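*Asks:*
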Amino acid sequence: MSRHRAIDGAMVAFEVDDVDAVRHSGLGVVVTGTATVVIDPPRTNVWPAPFWPPGCSQPQEAFARVEPRPATGRELGGGGTLYGVDPTV
Numbered sequence: 001m002s003r004h005r006a007i008d009g010a011m012v013a014f015e016v017d018d019v020d021a022v023r024h025s026g027l028g029v030v031v032t033g034t035a036t037v038v039i040d041p042p043r044t045n046v047w048p049a050p051f052w053p054p055g056c057s058q059p060q061e062a063f064a065r066v067e068p069r070p071a072t073g074r075e076l077g078g079g080g081t082l083y084g085v086d087p088t089v
């Protein structure tokens, strides 16, 4: 079984985080679901052509589509305190 096929049909999680250092805030989203290996995806804005910097070897291209189940998120607001510690002091 190839390493790409190992996730085909498996339950996976994908997490995306973003932090705004100026506002001292952030956002995190986790999507869980069943993965499907996508062979030869069409070149669209959804499946853009990969970019590899000059001099880097190009690995075998593989994509996975995740059929989302529950998605969870968290937002960290700026200006507050964490465990009684004011980050602005």
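Residues in the sequence shown are numbered from 1 upward in steps of one, following full-length UniProt numbering.
C-beta: ideal position from N, C-alpha, C; glycine also.
Please read these numbers as outputs of a predicted model, since none were measured by experiment.
Could you pull out every residue in the same chain whose Cβ sits closer than 8 Å to the Cβ of Ala21, ignoring the five residues on either side in sequence?
*Replies:* Excluding sequence neighbours, Ala21 sits near nothing in its chain.
*Asks:* On the DSSP bridge list, what partners appear for Gly28?
*Replies:* For Gly28, which the question treats as bridged, DSSP gives the partners Asp17 and Arg74.
*Asks:* Measuring alpha carbon to alpha carbon, tell me which of Ile7, Gly77 and Gly33 ends up nearest Glu67.
*Replies:* Ranking Ile7, Gly77 and Gly33 by Cα distance to Glu67 puts Gly33 first.
*Asks:* Just to confirm, is the Cβ distance from Thr72 to Val38 under 7 Å?
*Replies:* Contact: no.
*Asks:* Using three-state DSSP, classify Ala35 as helix, strand or coil.
*Replies:* Strand.
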